[in-house]
Amino acid sequence: PGTFPTFCAADLSANAAYAEPAEIFMGAVQGVTVSSDGPVTPSPIALKREVSLMRVRLNVKDKEGNTNNENTANGVDFAQDASIMIYRLPDHLKVMAGNAGGVSATSTATNILSISGGEVFKTTDPTSGYNAGGKVLSGNFTMWRDVVVFPNNGGRANDSATTGTADRQRQYFIVVSGRGKAGHILGDGTALPNDATVYWSGVVKENFVPNVIREVNLTLRTGGSTTVPVTPTEYGGLEITVSAPTPWDSNIVNSDIIM
């Protein structure tokens with residue numbers, strides 16, 4: 070289990086918070102003989118990563134109208150009240166061989182992966198743990214975060230369906246937040262009288278299968294809302310584009326979302 074950000078925990082109290090999963094690997098081998106006479110050496114077991122990686126990138130510069138989502142006067146500070154929440158998580162992941170294992174065929178709208186506290190959004194390219202010289206930031210995408218997620222493809226029977234959209238009931242719904250400053254213009258055109266948490270949201274429609282990376286580019290078009298979504302909606306100020314799936318240990322392909 071996880072915890073919701075303190076600034077919206079009361080609003081989301083009827084939902085279930087989950088922590089970001091670890092990298093989970095599974096493997097199976099057939100024809101293993103169990104003997105009491107001594108040790109048995111089975112065939113090598115090939116392990117496969119059962120989770121996906123969502124690389125979230127934020128563009129706060131390409132806004133619409135007179136709003137300002139940058140960290141300036143009347144803007145938004147994404148180092149405060151920052152969060153990433155992903156709704157419609159799969160109901161479970163089973164440690165079993167074949168199509169009986171892996172993620173469930175169903176997802177629940179109120180299952181939410183919740184990330185907050187500390188440095189939610191990174192503002193510089195990685196210097197370790199990534200391919201040498203690898204860059205994450207480019208153009209107006211100035212913030213990022215890698216998030217490990219359970220795949221939303223409906224289970225191993227669908228692992229070959231790497232393209233196209235996920236079933237509507239399994240599509241991730243993503244929410245990001247930051248601290249709006251007094252005078253910030255919200256999406257409805259009103260100005261914040263005081264500093265307050267501001268939210269943007271949108272639907273990630275693409276399939277995520279095990280052992281792939283998909284880059285989810287979030288462009289904050291509007292000034293957001295002070296109301297956190299309790300359940301998924303269609304659009305909340307984010308323009309979203311998602312890259313084609315790329316093997317976890319290979320190059321990353323982009324996808325973009327406008328919020």
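Note that the numbering used here has the sequence shown beginning at 70, numbered continuously upward. Glycine included, each C-beta is placed from N, C-alpha and C at the ideal position. All figures in this text were calculated on a predicted structure; none of them were measured in a lab.
*Buried/exposed call for M165, threshold 16 Cβ in 10 Å*: exposed
*asked:* For the stretch 129 to 138 against the stretch 218 to 231, do three or more pairs of beta-carbon atoms, one drawn from each stretch, fall closer than 8 angstroms, so that the two count as touching?
replied: no
*Is the beta carbon of S270 less than 8 angstroms from the beta carbon of P314?*
no
*For N263 and D143, the rounded distance between their alpha carbons*: First, the amino acid is wrong: residue 143 is Asn here, not Asp. If I take the Cα positions, the gap works out to 10 angstroms.
*Assuming L307 contacts L289 under a Cβ cut-off of 8 angstroms, what Cβ separation, rounded to an integer in Å, is found between them?*
Their Cβ separation, rounded to whole angstroms, is 7 angstroms, which keeps L307 and L289 in contact under 8 angstroms.
*Look at the alpha carbon of S176 and the alpha carbon of I243, and state the distance between them as a whole number of angstroms.*
Per the coordinates, the alpha-carbon of S176 lies some 14 angstroms from the alpha-carbon of I243.
_Of the listed residues T266, N209, G252 and V217, nearest to D150 (C-alpha basis)_ = T266
_Tell me the rounded alpha-carbon separation between N84 and V101._
43 angstroms
*Does DSSP put N84 in a helix, in a strand, or in coil?*
coil
*Okay, do the stretch 133 to 140 and the stretch 251 to 259 touch, 3+ Cβ pairs below 8 angstroms being the bar?*
yes
*Going by the CB atoms, is the gap between V278 and G224 shorter than 8 angstroms?*
no
*Just grab the DSSP bridge partners of A260 for me.*
I254
_Taking 8 angstroms as the threshold (C-beta atoms), are E119 and I93 in contact?_
Yes.
_Going by the DSSP bridge assignment, what does A265 pair with across the sheet?_
G249, per the DSSP bridge assignment.
*Where does S319 land, buried or exposed, given buried means 16+ other C-beta within 10 angstroms?*
Note that S319 scores a pLDDT of 47, beneath 50, so its modelled location is shaky and nothing firm can be said.
*asked:* Going by DSSP in three states, G71 sits in which element: helix, strand or coil?
replied: Looking at G71 - three-state DSSP - the assignment turns out to be coil, as it is neither helix nor strand.
_Spatial distance of L122 from V145 (CA atoms)_ = 27 angstroms
*asked:* Considering Cα atoms alone, identify which of H253, D194 and P220 is closest to M212.
replied: D194
*Residues bridged to I181 by DSSP?*
Per DSSP, A86.
*Kindly identify the DSSP beta-bridge partner or partners of V145.*
BP columns for V145 point to G249.
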